[in-house]
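Undergrad: Just passing along the structure, written as structure tokens.
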Amino acid sequence: MAFFASKRALGIALLLFVALVAGPAAGRAGEGGTDWVRTETADIRLVSAVAGTAGRESVLLGLEFRLSDGWKVYWRSAGDVGYPPQVDWTGSDNLGQTAMLFPVPHRFSAFGIEQYGYSGHVVYPIEARPAEPGKPLVLRAAVNALVCSEICVPLDATLALDLPAAPAKPTPFTQMLDRWSARVPADLPGLGLDVRSARATGDPASPTLVLELASDVPLQAPDVFPEGPAGLTFGKPEATFGADRRTAELRVPVGAGGDARLSGASLTLTLVDGERFAERPVVVGAGSPAGPARSPATWLAMLGAAVLGGLILNLMPCVLPVLSLKLLAAVGYGGAGRGAVRRGFLASAAGILASFLVLAAGAVALKSAGVAIGWGIQFQQPVFLAAMATLVVLFAANLWGLFEVPLPRSFADLAARMPAEDPTRNRHHHETSLTGHFLTGAFATLLATPCSAPFLGTAIGFALAGGPAEIVSVFAAMGLGLALPYLAVAAVPDLARMLPRPGRWMTVLKRVLSLALAATAIWLLTVLAAQTGAVPALAIAGVFAAVLAAMAVVHRRGLALPLGALAAIVAVAVAGVADRPVPDRETVTAGAGDAAAVAWRPFDRAEVDRLVADGRVVLVDVTADWCLTCKVNKAAVLDRGPVAARLADGSVLAMRADWTSPNPAITEYLASFGRYGIPFNAVYGPAAPRGIALPELLTEEAVLAALRQAGAGPATARLD
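For reference, each letter of the sequence shown is one residue, going -29 to -1, 1 to 691 in mature numbering (1 follows the signal peptide of the UniProt record, and there is no 0).
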């Protein structure tokens, strides 16, 4: 306590050693900003990101400091000495609310005194809301700031800036304000920098705050700026790193004056590591979690979202081919015993749940090994695509009657020992097909992974950003959701028994359903061709055609013509995808009544920031050839109607990130939003420099609303 008392005494002494310097005359308004108010220690002015208020609910301002060498101003929590700039808006007209934002600070340590602030040059972003949007805004700012070096000097200045009711065009300060706004820490998921636990140790009168950090990439020089109840002061942390530097323990000395206690205190932590930063709320305890993200209520909400997302996944195009197989199996149960129906559908549900648990185990293993993971990433691997295409073709051939899959003897013996409900039914057929039903469920899981659904992205982001418990529980909940239709039929077997008994009509149905699987195989081969080129995909297609033709000859099915047609379709589809050019800009022709074409630029995260700083609005589409939900979004929203018109007329710039093959930059970009799968779309603009994440399934209303919110109005500059 004596140490912290001496720090306070030294701080008071510095503040008492003050030269009262009056600010010069008020800064006059120029183009979007006032003139500099100059002093020996610092220059100050007020600037605006827009030249007028038309169409604006809020206006981004900036309090800009240009400091002399050796001088600094302070963050919102100054540390042991100092205070942040304060602004009195008395005398302003049409000004409603204001909020000053604070970019990530620097640490200044001297003689055991810790201070947080800025040196050289800094801009404090200010969000101002006019009382009556669209009308002139008269700003009168009386600024008081403490500027410190070896001594501290109060700086006073009066700044005047008028914004007319004119178009909200960018000003010379727009780009600068966007840069500084982007450096304001926020409590967002998926930033790759988190606090696993926060606990207090040692003497309650002079405790130590122990923080466990976790990072997606090796840590460089992590620092933390804690804020908490009055009476708590925080020293400089000491870091101890894990073997791979992806984890670290920070020990922060704490002074607790008066009745203040660290244990149980609610803190706001600003984490900084190089150019990465994040804000995290914590409640200090004995290994307490880092805030509400892992609270029981949040956990239950994520499990509910996972179940609902898995249920909706049954309606996605990825799962439809498997549902066709299950429909055929259900038809085969027409008139069967209740027990046979129940066992068959329970076996399919078990296959789904088991497969999701296998996926969860793989995700845990890969994350523990430091590998970037995401939903559907196995479709980025050519070997997996080839194996899946083979499996789908075998299913299709089986439906055509080219071969039957005999069960292993052990399964047949097990089935023979199971009681039959109806001795008049084909007991062997229903009882020995449990393995097939189980594999159908597993097949549904594999084909479901390139699709996303509402609620699914949030749940997956929660799981993959957490530990093994979160991953296993959320993946199991997704499996339960996908299996719910099967469990419903198992609970009420009469739903399946109401179907007609098998007959000749089933042969026609099998042929129709096999075409759906053939289309799935073609799609898988086109994705493979996009990754590896035409030759490997065509070679696999040729093998498929040869094997199927041989089966047809052996079974004397006379299927040479349809098999030849299938092979031709596969060849054309694969060649069309593999040989397509990859230009710097992809052009998509819009539908009738839309703009002529949408010029999609390749995704560049740095370019997004530059364009937004210039006042542009940008829509980013993260997609892949294997993502069927992405294709639905394109066909229904992005490539037609008013959204395509906005993308084509130059008022909104379109960027596309292709995640068909592994791309660490895209994986990191998705993780910055707490997302680990696609589709993913975000809109950026002057009013949303950090981006507005859109739902997995797009609607015209959602996209257009985000464009308006980001600043995509008539005043937004268009591309030349």
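Ideal Cβ positions, reconstructed from N, Cα and C, are used throughout, including at glycine.
Since this is a predicted model, take the numbers as computed values, not measurements.
How many whole angstroms separate the CB atoms of K106 and V21, which I take to be in contact at a CB cut-off of 8 Å?
TA: Actually they are not in contact, since the Cβ atoms of K106 and V21 sit about 14 Å apart, beyond 8 Å.
Undergrad: Would you call the region 147 to 160 and the region 242 to 256 in contact, with 3 or more CB pairs under 8 Å?
TA: yes
Undergrad: Reducing DSSP to helix, strand and coil, say where D550 ends up.
TA: Confidence at D550 is low in this model, with a pLDDT of 49, below 50, so the placement of that residue is unreliable and no value is reported for it.
Undergrad: Taking three-plus beta-carbon pairs below 8 Å as touching, is the region 573 to 581 in contact with the region 616 to 634?
TA: Yes: the two stretches touch, three or more of their Cβ pairs being nearer than 8 Å.
Undergrad: Under DSSP, the beta strand (DSSP E) around S48 begins and ends at which residues?
TA: K43 to G50
Undergrad: Do you know how far the Cα of N634 is from the Cα of I493?
TA: 24 Å
Undergrad: Work out the CA separation of Y95 and T69 for me, nearest whole Å.
TA: Spanning the alpha carbons of T69 and Y95 requires a straight line of approximately 12 Å.
Undergrad: Can you tell me where the alpha helix (DSSP H) with A570 in it begins and where it stops?
TA: Counting along the chain, A570 falls outside any alpha helix (DSSP H), though it belongs to the beta strand (DSSP E) covering A568 to P573.
Undergrad: So the candidates are P224, D215 and G245; which of them puts its Cα closest to the Cα of Q191?
TA: G245
Undergrad: Is it true that the region 9 to 16 meets the region 120 to 127, where meeting means three or more beta-carbon pairs spaced less than 8 Å apart?
TA: yes
Undergrad: Spatial neighbours of F366 within its chain, please: C-beta separation below 6 Å, excluding the five flanking residues on both sides.
TA: L488
Undergrad: To the nearest angstrom, how far is the alpha carbon of A201 from that of A642?
TA: C-alpha separation (whole angstroms): 35 Å.
Undergrad: Using a Cβ-Cβ cut-off of 7 Å (strictly less than) and excluding sequence neighbours within five positions of R150, which residues of its own chain qualify?
TA: A584
Undergrad: Let's see if you can read the secondary structure: which residues bound the alpha helix (DSSP H) around R456?
TA: In the sequence under discussion, the amino acid at residue 456 is Pro, which differs from the Arg named in the question. That run of the alpha helix (DSSP H) goes P439 to A462.
Undergrad: Just curious, the alpha helix (DSSP H) that D149 is in, first and last residue?
TA: T145 to S152
Undergrad: Determine the DSSP secondary structure at A368, reduced to helix, strand or coil.
TA: helix
Undergrad: Straight-line CA distance for A459 to V363?
TA: 26 Å
Undergrad: I need the boundaries of the alpha helix (DSSP H) containing residue 699, first residue and last residue.
TA: Residue 699 is absent from the model: the chain starts at -29 and stops at 691.
Undergrad: Please identify the residue among G23, A677 and S326 whose C-alpha is closest to the C-alpha of T142.
TA: G23
Undergrad: Which ranges would you report for the beta strand (DSSP E) in the region 152 to 194 if only whole runs of at least 3 residues count?
TA: 164 to 172 and 179 to 186
Undergrad: Once you ignore the five residues that flank E672 on each side, which residues in its own chain have a CB closer than 8 Å to its CB?
TA: none
Undergrad: Which whole-angstrom value describes the C-beta separation of V608 and V674, a residue pair presumed to lie in contact below a C-beta threshold of 8 Å?
TA: 6 Å
Undergrad: Note the first and the last residue of the continuous beta strand (DSSP E) segment covering R627.
TA: L624 to D629
Undergrad: Give the straight-line distance between the Cα atoms of A636 and V593, rounded to the nearest whole angstrom.
TA: The straight-line gap separating the alpha-carbon atoms of A636 and V593 is approximately 12 Å.
Undergrad: Counting C-beta neighbours from all protein chains within 10 Å, is the total for F36 16 or more, i.e. buried, or is it exposed?
TA: In this structure F36 is buried. Its beta-carbon is surrounded by 16 or more other beta-carbon atoms within 10 angstroms.
Undergrad: Is the beta carbon of A137 sitting closer than 8 Å to the one on R111?
TA: no
Undergrad: On the premise that S152 lies in contact with L242, defined as a C-beta separation below 8 Å, what is that separation, rounded to the nearest angstrom?
TA: About 19 Å; that fails the 8 Å criterion.
Undergrad: Specify, as a first and last residue, the run of the beta strand (DSSP E) that P96 falls within.
TA: H92 to P101
Undergrad: Could you check if D610 is buried or exposed, using at least 16 other CB atoms within 10 Å of its CB as the buried criterion?
TA: buried
Undergrad: Of all the options S237, V195, G199 and D230, which has the alpha carbon lying nearest to the alpha carbon of L221?
TA: When each option's Cα is compared against that of L221, the closest is V195.
Undergrad: With a cut-off of 8 Å, do at least 3 Cβ pairs link the region 233 to 242 to the region 169 to 187?
TA: Short answer: they touch.
Undergrad: If you run the structure through DSSP and keep just helix, strand and coil, what is residue 696?
TA: Past the edges of the chain, shown from -29 to 691, lies residue 696, and the structure says nothing about it.
Undergrad: Are the region 70 to 89 and the region 206 to 215 in contact at 8 Å, needing three or more beta carbon pairs?
TA: yes
Undergrad: Can you tell me which of the three DSSP states residue 698 falls into?
TA: A question about residue 698 goes unanswered here, because the residues of the chain that appear run from -29 up to 691.
Undergrad: Alpha carbons only, please: which of T416, Q680 and V588 is nearest the one belonging to D620?
TA: Minimum Cα distance to D620 is reached at V588.
Undergrad: DSSP three-state call for N285: helix, strand or coil?
TA: Looking at N285 - three-state DSSP - the assignment turns out to be coil, as it is neither helix nor strand.
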